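Colleague:
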Amino acid sequence: MSPGNINADKGNGHAKAGGGLLHFTPVAESKVDVPYADLTNIDISTWDQGLVAQQKLAKQLFTAMTTDGFFVLTGFGISEEEITRQVDIGYTVIEKTPLEEKKELEGHMDHTGIYRGFKLRQYYEMENGVKDQIEQFNWQRDMEDQSMPLTIKPYIPEVKSFCERVHKDVLYKVYQLFALALKLPINTFVDFHTYEEKDDSWFRYMAYYDEFDPEDADKVGGVWLKGHQDHGAVTMVFSQPMASLQVRDDQGKWRYTRHTPGGIIINCGIMMEWWTGGLFKAANHRVAAPPDDQRNHTRCGVFYFSIPNNDVRPDLLTESSVLQEAGVHSLFKDGKTIDALTFSRARVAKVGKSEVYKQSWAAGTRLVEVIAGVEVPHFG
């Protein structure tokens, strides 16, 4: 089956939501007894109650970042209906953009190192010759320096507004919690991620299609996206009913993340781990086939990958008394740091294309790949 010509009715609603917009109906939540991760829920609606409330939230974040590297954010002021609207826009862009236009706007990340435009299915090269069944449309928040498909153009003003609100009204508060947790000036991380400055952060609409043939599914052990750590500071995944995102615990066991309606699942990335000398853990995660009662459905959602501004060098924040007391040290050898832009582009170019990624990984395996002189782990 060729990318861009999908039977969109497979397990999903495909009704029009007005103005040519398709409505994505997600699968019902699973009733199967599977192992779930016990992630911290941070209800940020108490933010405006003042410093005491904020410090309580920061304490929750500290616990989450020193254990799972994940937490669930709620109470952030963007309604579930607004999130659903964005998912519908993404579903429309992925389903209604003609294949020819998708190819014209294909990102070619292995050459550019930037997530922009479409990633078609079968771009990631997995083990045993199997390729992925994931389709994406990626864009940077200003939406002004890349070509856009015709399917998104009627919605650009509201998409841009959504991007700005997510960054300024939600992400900035999250970064202020990180600063409070580390006893740093409250805008430390905000200043590393200034909205108006250039960086390689990107938003993403993404659909996972449950369309591996049985032989290929066996070859990859039911894994749709292999175990990894995100390379930026934090990643924001707007929660979806399909149980598919999995977290790897300290014992190497993979556990599903629960759906929190209207919530955001947030994980720590490699650059946050660098800033904290490893005290905050870059979360190990993957995407796997869901429980049996959710099979043969599509997983569709909206994501934000936050990368520091281009010239930021995410090394140990030595001024943090928390990090001083923890006795951590810079994770860079001989003071050889790397700027966010250089590392991000080198990392993106390798995703799903490196020889390490193509290898078969036994359960519990940790494989290391050197990218731009930096060791990057992958997990089986």
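Under the working numbering, residues 152 to 531 are what the sequence shown spells out, in order.
Just so it is clear, CB atoms sit at the ideal spot from N, CA and C, and this is done for glycine as well.
Just so you know, these numbers come straight off a predicted model, no measurement behind them.
Would you call the stretch 497-507 and the stretch 458-476 touching, i.e. three or more CB-CB distances under 8 Å?
Modeller: The answer is no - the stretch 458-476 does not touch the stretch 497-507, with fewer than three Cβ pairs under 8 Å.
Colleague: Taking the alpha-carbon of Glu-424 as reference, which of Pro-365, Val-525, Leu-467 and Ser-457 has the nearest alpha-carbon?
Modeller: Here the question's residue 424 lines up with position 273 in the sequence shown. When only C-alpha atoms are compared, the closest one is Leu-467.
Colleague: Starting from Pro-459, trace the alpha helix (DSSP H) both ways and give me its first and last residue.
Modeller: What you label residue 459 is simply residue 308 of the sequence shown in a count that begins at 1. Where Pro-459 is concerned, there is no enclosing alpha helix (DSSP H), given that its DSSP letter is neither H nor E.
Colleague: Quick check on DSSP: helix, strand or coil for Lys-270?
Modeller: Taking the sequence shown and counting its residues from 1, the one referred to as residue 270 is at position 119. Strand, per DSSP.
Colleague: Out of curiosity, what's the CA-to-CA distance linking Ala-394 and Asp-485?
Modeller: As a first step, residue 394 must be located in the sequence shown, where it is residue number 243. As a first step, residue 485 must be located in the sequence shown, where it is residue number 334. The straight-line gap from Cα to Cα measures roughly 43 Å.
Colleague: Please give me, in chain order, every unbroken run of the alpha helix (DSSP H) with length at least 4 that falls completely inside the stretch 302-375.
Modeller: Entirely contained in the stretch 302-375, the alpha helix (DSSP H) runs reaching 4 residues are, in chain order, 307-316, 323-332, 339-343 and 365-370.
Colleague: By Cβ distance, which residues of its chain are closer than 8 Å to His-262, with the 5 residues on each side in sequence left out?
Modeller: What you label residue 262 is simply residue 111 of the sequence shown in a count that begins at 1. The residues are Ala-500.
Colleague: For Ala-477, collect the residues of the same chain with a Cβ closer than 6 Å to its Cβ; drop the 5 residues on either side in sequence, then sort them by chain order.
Modeller: As a working note, residue 477 is residue 326 in the sequence shown. These residues qualify, in order along the chain: Leu-430.
Colleague: Counting pairs of beta carbons, one from the stretch 180-197 and one from the stretch 262-272, are three or more of them closer than 8 Å?
Modeller: Result no; under three Cβ-Cβ pairs closer than 8 Å.
Colleague: Please classify Gln-206: is it buried, with 16 or more other beta-carbons within 10 angstroms of its beta-carbon, or exposed?
Modeller: Taking the first residue of the sequence shown as 1, we reach residue 206 at position 55. Gln-206 comes out exposed.
Colleague: How far does the alpha helix (DSSP H) with Ile-421 in it extend, from its first residue to its last?
Modeller: Counted from its first residue, the sequence shown places residue 421 at position 270. Taken as a continuous stretch (DSSP letters only), the alpha helix (DSSP H) holding Ile-421 covers 421-426.
Colleague: Got a sec? Which residues, its chain only, sit under 6 Å from Arg-292 by beta carbon, not counting five neighbours each side?
Modeller: As a position in the sequence shown, residue 292 is number 141, starting the count at 1. The answer, listed in chain order, is Cys-314.
Colleague: Are the CB atoms of Met-244 and Phe-175 nearer to each other than 9 Å?
Modeller: Start at 1 with the first residue of the sequence shown, and residue 244 comes out as number 93. Start at 1 with the first residue of the sequence shown, and residue 175 comes out as number 24. The question names Met, yet the displayed sequence has Val at residue 244. No, these two residues do not count as a Cβ contact at 9 Å.
Colleague: Let me check one thing: in DSSP terms, what residues is Gly-378 bridge-paired to?
Modeller: Taking the sequence shown and counting its residues from 1, one reaches residue 378 at position 227. Answer is Phe-530.
Colleague: Between Met-277 and chain B, is any beta-carbon pair separated by less than 9 Å?
Modeller: This model lacks chain B altogether; it includes just one protein chain.
Colleague: Looking at the secondary structure, which residues open and close the alpha helix (DSSP H) in which His-262 lies?
Modeller: Translated into positions along the sequence shown, residue 262 becomes position 111. Its alpha helix (DSSP H) spans residues 260-263.
Colleague: If you draw a straight line from the C-alpha of Ala-209 to the C-alpha of Phe-329, how long is it?
Modeller: Counting from one through the sequence shown, the residue named residue 209 turns up at place 58. Counting from one through the sequence shown, the residue named residue 329 turns up at place 178. The alpha-carbon atoms of Ala-209 and Phe-329 are separated by roughly 7 Å.
Colleague: Mind checking Ser-511: buried by the 16 CB within 10 Å criterion, or exposed?
Modeller: As a working note, residue 511 is residue 360 in the sequence shown. Counting Cβ neighbours within 10 Å, Ser-511 comes out exposed, since fewer than 16 surround it.
Colleague: Determine the direct distance from the alpha carbon of Ala-204 to that of Trp-198, and round the result to whole angstroms.
Modeller: The residue given as residue 198 occupies position 47 in the sequence shown. The residue given as residue 204 occupies position 53 in the sequence shown. Straight-line Cα distance between these residues: approximately 6 Å.
Colleague: Pull up the distance between the alpha-carbon of Asp-184 and that of Gln-445, whole angstroms please.
Modeller: Numbered from its first residue, the sequence shown carries residue 184 at position 33. Numbered from its first residue, the sequence shown carries residue 445 at position 294. Taking the straight line joining both Cα atoms gives about 13 Å.
Colleague: What does DSSP give as the partner residues of Asp-194 in its beta bridges?
Modeller: Taking the first residue of the sequence shown as position 1, residue 194 is located at position 43. Its beta-bridge partners are Thr-225.
Colleague: Please report the straight-line C-alpha distance between Trp-426 and Tyr-326, rounded to a whole angstrom.
Modeller: The count along the sequence shown starts at 1 and reaches residue 426 at position 275. The count along the sequence shown starts at 1 and reaches residue 326 at position 175. So the alpha carbons of these two residues sit roughly 13 Å apart.
Colleague: For Val-317 versus Ile-421, is the C-beta spacing smaller than 9 Å?
Modeller: Sequence index remark: in the sequence shown, residue 317 carries index 166 (1-based). Sequence index remark: in the sequence shown, residue 421 carries index 270 (1-based). Taking 9 Å as the Cβ cut-off, Val-317 and Ile-421 do not qualify as a contacting pair.
Colleague: Express the C-alpha separation of Lys-504 and Gly-155 in angstroms, rounding to a whole number.
Modeller: As a working note, residue 155 is residue 4 in the sequence shown. As a working note, residue 504 is residue 353 in the sequence shown. Note on Gly-155: pLDDT 37, under 50, position unreliable in the model; the coordinate value appears next. Spanning the two alpha carbons is a distance of roughly 22 Å.
Colleague: Determine, using beta-carbon pairs with one atom in the stretch 350-367 and one in the stretch 220-229, whether at least three such pairs fall under 8 Å.
Modeller: Output reads no: the stretch 220-229 does not touch the stretch 350-367.
Colleague: Alpha carbon to alpha carbon, what distance is there between Leu-335 and Gly-414?
Modeller: In the sequence shown, residue 414 corresponds to position 263, counting from 1. In the sequence shown, residue 335 corresponds to position 184, counting from 1. In a straight line, the C-alpha of Gly-414 is about 27 Å away from that of Leu-335.
Colleague: Is it true that the CB of Leu-271 sits closer than 9 Å to the CB of Glu-255?
Modeller: In the sequence shown, the residue the question calls residue 255 occupies position 104. In the sequence shown, the residue the question calls residue 271 occupies position 120. No; because the gap between Cβ atoms is not below 9 Å, this pair is not in contact.
Colleague: Taking the alpha-carbon of Arg-409 as reference, which of Thr-214, Leu-224 and Val-525 has the nearest alpha-carbon?
Modeller: The count along the sequence shown starts at 1 and reaches residue 409 at position 258. With distances taken between Cα atoms, Arg-409 lies closest to Leu-224.
Colleague: Using alpha carbons as the reference points, say which of Ala-433, Asp-400 and Ser-457 lies closest to Phe-354.
Modeller: Within the sequence shown, the letter at position 203 stands for residue 354. Minimum Cα distance to Phe-354 is reached at Ser-457.
Colleague: Give the single residue among Asp-443, Tyr-356 and Ala-440 whose Cα lies nearest to the Cα of Gly-268.
Modeller: For the purposes of this step, residue 268 is identified with residue 117 of the sequence shown, where counting begins at 1. Selected option, being the one with the closest Cα: Tyr-356.
Colleague: Rounding to the nearest angstrom, what Cα-Cα distance links Asn-460 and Tyr-242 in this structure?
Modeller: For the purposes of this step, residue 460 is identified with residue 309 of the sequence shown, where counting begins at 1. For the purposes of this step, residue 242 is identified with residue 91 of the sequence shown, where counting begins at 1. In a straight line, the C-alpha of Asn-460 is about 29 Å away from that of Tyr-242.
Colleague: Once you ignore the five residues that flank Ser-298 on each side, which residues in its own chain have a CB closer than 7 Å to its CB?
Modeller: The residue given as residue 298 occupies position 147 in the sequence shown. Same-chain partners within the cutoff: Leu-256.
Colleague: So, is Asp-296 buried or exposed, given that buried needs 16 or more other C-beta atoms within 10 angstroms?
Modeller: The sequence position of residue 296 within the sequence shown is 145, counting from 1. Exposed, since its Cβ has fewer than 16 Cβ neighbours within 10 Å.
Colleague: If you draw a straight line from the alpha carbon of Trp-439 to that of Val-507, how long is it in whole angstroms?
Modeller: The count along the sequence shown starts at 1 and reaches residue 439 at position 288. The count along the sequence shown starts at 1 and reaches residue 507 at position 356. For the record, residue 439 in the displayed sequence is Ala; it is not Trp. Between Ala-439 and Val-507, the C-alpha separation is close to 19 Å.
Colleague: Measuring only the C-alpha atoms, how far is Lys-304 from Val-463?
Modeller: Stepping through the sequence shown from its first residue, residue 304 is reached at position 153. Stepping through the sequence shown from its first residue, residue 463 is reached at position 312. Lys-304 and Val-463: Cα-Cα distance of roughly 32 Å.
Colleague: Three Cβ pairs or more, each shorter than 8 Å: is that satisfied between the stretch 374-389 and the stretch 277-286?
Modeller: Yes: at least three Cβ pairs fall under 8 Å.
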